[in-house]
Amino acid sequence: MTQPSDTPKTSGGSRSAIAAHPVISAVIAILIFASIFFSLYVPLYARATPMVGDFPFFYFYLLVYMPVVGIVLGFVLFLQHRLRTRADTDGPGSGEVTR
Amino acid sequence: MSNVNAVTFTIVVVLFLLVTLIGFAAARWRRAEDMMHLNEWGLGGRGFGTFVGWFLLGGDLYTAYTFIAVPAAVFGAGAVTGFFAVSYTIIVFPIALIFLPRLWSIARAHNYVTPADFVRGRFGSRSLALAIAFTGILALMPYIALQLVGIQAVLTVMGVGTSSGNTFVKDLPLFIAFLVLAVFTYVSGLRAPALIAFVKDTLVYLMIIVAVLYLPAKVGGWGHIFSTAEAHLKSTSPVTHKPTGVFIPVTGNSQLAFSTLALGSALALMVYPHSVTGVLSTKRRAIIKRNMALLPIYSIMLGFIALLGYVALTDPTTAANVKKANNAQLAVPYLFQHLFPSWFTGVAFAAIVIGALVPAAIMSIASANLFTRNIYREYLNPGCSPANELQVAKLAALAVLLGALGFIVWLPGAQKFAITLQLLGGIWIIQTLPAVLIGLYTRWLHPVALLVGWAVGIVSGTAMVAAKAFASPIYPLDIFGVIAPSYDAISALALNLVISVALSFVFNAAFGSARADATAVTDYV
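Chains A and B, in that order, are what the protein sequence lines are. The numbering of the first sequence is my numbering, which starts it at -6 and goes up by one. The numbering of the second sequence is my numbering, which starts it at 13 and goes up by one.
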């Protein structure tokens, strides 16, 4: 469901990128779903302690999550970019084979 | 107007005039050779880059009602119905990264202006596209009206116009503000909110940074703020005989409410027409992606705005004022007025008023695009010229804005009604998700199945709210446009999905799965 893996069955171009770099593709998918999951899974952080400064942990966690998600998504974009450039340099051949 | 602070009032008026000038000047900004096209007026020429896109999307998604309603909900009920907004604005960006770049690409390849355009092309179904367009317009109407509620909260605290019994005189400032908004939207289209968003975002940032650095110390520091909030929320409410609110959601129920509210709101935002309009106005696919990593900066601010609800709770004067007015939405305006010097109160109030203009303009444009493309051109006047299409869109935007104004000003009790409608709007719009978002990945779902699922989702979602609205008080919270019992939105969406999938099996087996599809697989990447 992530960007580079978005059309595994239909798009020849994407398919070759994923087939050629399964590890990077998997890392991208994991990062995206992790950034959703760790916010939605409330039991993980619905605690008052440890206090961070004057902030109960619950509030601290959510406030710090924001810049973290920005950085994680930035890293995802970097990986996607690499995926595409690599797929291109691997040449059209790899795309043709999987097609 | 006896107790109006002259300094505050002057600063608000001056900043509003500045924004008015910008709104009209925007018509000349990034002018295209052929302006007589809906792409120019309705999508700003589809040419905004990362920088403008960031300001536009930020200004679009974080509405004035957000600045008022989120801290109001935190003030009133604490973490679940208020602070869930922070979780919502976290997950909205990774979710957007899954869907919106694809939506951008397909819209660019086929010159789609609205989500309903895409559904029409993808599923080849006019009736499904009409349902999508109709839902979008219906969901946006009360949302636009609620931007007025944000302005009204500020005007009330400023003491402007409240002393008169005459409706027209009482709402004159609101009237002027919205008339100006309607005219510059008509003239400049999406370029106006894009340019004004620079002023809005700058003022909002200034407001929140100063508020976070200055206010907590004035009321005794964060430690005192959190302990006061905790004590207040755990105390028993004299009305309900239950705890006033939730400080930290430790029970399973409150955690489920928290996360379904966050998820439901985030999913609904993906299909709200005004966010689609913002997304489609950008120049390249990479700009959408980049902004999904950059917009969380905006959300940090939202986290602190939400906490202002607790700051207001801690300041005795503000808490007393809000109690006296019996309106939690005034919490932040009263807080600013009490603790800021009057000139900075002016800046902060202007930020909220201008903050209402940007999303209201974009929403009216999104509605106008839907009406023009999917109702007027599709049903009323097929084969109309681009110039004719543009003219209809401009008039539709004008009609939508004036309609919202009339609704709020003349209908008694309209404000509460608008809030209820807005609540329903979030539940309605999420029912378009199977067609719009799942449609981006597969056309396996049958259009008739989608239509039935949509109808069931809307009816069941509405029924769930109707059943509860009579029993318990609701905190209708909107950030990005989606609101409190979004748990209902998720349940109704689940029902919608089950029906869409089940019927698709039946219809595909009975009639075959080959259908017209104007889009090609390579258009999505």
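Beta carbons: idealized from backbone N, C-alpha and C, even for Gly. It should be emphasised that the depicted structure is a prediction, and the values quoted were computed from it without experimental measurement.
Specify, as a first and last residue, the run of the alpha helix (DSSP H) that residue i falls within.
{"i": "Gly367/B", "result": "354 to 382"}
{"i": "Phe270/B", "result": "264 to 283"}
{"i": "Trp41/B", "result": "Careful: Trp41/B lies outside any alpha helix (DSSP H) and carries neither H nor E."}
{"i": "Arg132/B", "result": "127 to 135"}
{"i": "Asp529/B", "result": "Here Asp529/B belongs to no alpha helix (DSSP H), and DSSP marks it neither H nor E."}
{"i": "Ala145/B", "result": "138 to 170"}
{"i": "Pro15/A", "result": "15 to 33"}
{"i": "Glu52/B", "result": "50 to 55"}
{"i": "Pro200/B", "result": "It should be noted that the sequence gives Ser, not Pro, for residue 200/B. Looking at the DSSP string, the run of the alpha helix (DSSP H) that includes Ser200/B is 184 to 200."}
{"i": "Tyr388/B", "result": "Counting along the chain, Tyr388/B falls outside any alpha helix (DSSP H), and DSSP gives it neither H nor E."}
{"i": "Gly233/B", "result": "233 to 246"}
{"i": "Ala332/B", "result": "328 to 337"}
{"i": "Ser99/B", "result": "96 to 122"}
{"i": "Gly415/B", "result": "398 to 422"}
{"i": "Asp213/B", "result": "203 to 230"}
{"i": "Gln349/B", "result": "343 to 351"}
{"i": "Leu445/B", "result": "445 to 448"}
Report, in whole angstroms, the separation of the C-beta atoms of residue i and residue j, which I expect to be a contact under 8 Å.
{"i": "Pro285/B", "j": "Leu158/B", "result": "15 Å between Cβ atoms; not a contact."}
{"i": "Trp234/B", "j": "Phe48/A", "result": "6 Å"}
{"i": "Leu215/B", "j": "Ala362/B", "result": "6 Å"}
{"i": "Asn386/B", "j": "Ala141/B", "result": "6 Å"}
{"i": "Val211/B", "j": "Ile34/B", "result": "7 Å"}
{"i": "Gly54/B", "j": "Ile374/B", "result": "Incorrect: roughly 10 Å between the Cβ atoms, too far for contact."}
{"i": "Leu245/B", "j": "Gly232/B", "result": "Incorrect: roughly 17 Å between the Cβ atoms, too far for contact."}
{"i": "Leu24/A", "j": "Val65/A", "result": "6 Å"}
{"i": "Val404/B", "j": "Thr384/B", "result": "5 Å"}
{"i": "Met26/A", "j": "Ala39/A", "result": "A small fix is needed here, since residue 26/A is Phe in this sequence, not Met. Wrong, their Cβ atoms sit about 21 Å apart, outside the cutoff."}
{"i": "Phe60/B", "j": "Thr294/B", "result": "5 Å"}
Would a check of beta-carbon distances place residue i closer than 9 Å to chain B?
{"i": "Ala19/A", "result": "no"}
{"i": "Leu72/A", "result": "no"}
{"i": "Ala12/A", "result": "no"}
{"i": "Val16/A", "result": "no"}
{"i": "Arg75/A", "result": "no"}
{"i": "Ile29/A", "result": "yes"}
{"i": "Ile25/A", "result": "yes"}
{"i": "Pro43/A", "result": "no"}
Could you name the residues that DSSP lists as bridge partners for residue i?
{"i": "Thr294/B", "result": "Phe60/B"}
{"i": "Gly90/B", "result": "Val258/B"}
{"i": "Phe48/A", "result": "Val45/A"}
Counting contacts by CB-CB distance shorter than 9 Å, is residue i in contact with chain A?
{"i": "Val262/B", "result": "yes"}
{"i": "Val494/B", "result": "In this prediction, Val494/B scores a pLDDT of 47, lower than 50, which makes its location untrustworthy; no coordinate-derived value is stated."}
{"i": "Ser512/B", "result": "no"}
{"i": "Pro83/B", "result": "no"}
{"i": "Phe316/B", "result": "yes"}
{"i": "Ala91/B", "result": "yes"}
{"i": "Lys212/B", "result": "no"}
{"i": "Ser271/B", "result": "yes"}
{"i": "Ser397/B", "result": "no"}
{"i": "Ile312/B", "result": "yes"}
{"i": "Gly235/B", "result": "yes"}
{"i": "Ala274/B", "result": "yes"}
{"i": "Ile144/B", "result": "no"}
{"i": "Pro497/B", "result": "Caution is warranted here: a pLDDT of 43 is assigned to Pro497/B, below 50, making its placement in the model unreliable, and no coordinate value can be reported."}
{"i": "Pro127/B", "result": "no"}
{"i": "Asp490/B", "result": "With a pLDDT of 41 at Asp490/B, under the threshold of 50, the modelled position of this residue cannot be trusted, and the question is left open."}
{"i": "Gln267/B", "result": "yes"}
{"i": "Pro328/B", "result": "no"}
{"i": "Leu319/B", "result": "yes"}
{"i": "His286/B", "result": "no"}
Problem - chain A contacts from the region 97 to 114 of chain B (Cβ-Cβ distance under 7 Å) - result: Val98, Ser99, Ile102, Ile103, Phe105, Pro106, Ile107, Leu109, Ile110, Pro113, Arg114
Practice task
Identify each residue in the region 180 to 209 of chain B for which the Cβ-Cβ distance to at least one residue of chain A is less than 7 Å, and report them in chain order.
Solution key: none
Handout entry: chain B contacts from the region 46 to 66 of chain A (Cβ-Cβ distance under 9 Å)
Key = Gly46, Asp47, Phe48, Pro49, Phe50, Phe51, Tyr52, Leu55, Leu56, Tyr58, Met59, Pro60, Val61, Val62, Gly63, Ile64, Val65, Leu66
Handout entry: Under 8 Å (Cβ pairs) to chain A, residues found in the region 333 to 353 of chain B
Key = none
Exercise for the section: Output, in sequence order along the chain, the residues in the region 291 to 304 of chain B whose CB is closer than 9 Å to any CB in chain A. Expected result: Ala298, Lys301, Arg302, Met304
Problem - Proximal residues, the region 442 to 475 of chain B versus chain A, C-beta separation under 9 Å - result: Leu452, Tyr453, Thr454
Practice task
Identify each residue in the region 18 to 37 of chain B for which the Cβ-Cβ distance to at least one residue of chain A is less than 7 Å, and report them in chain order.
Solution key: none
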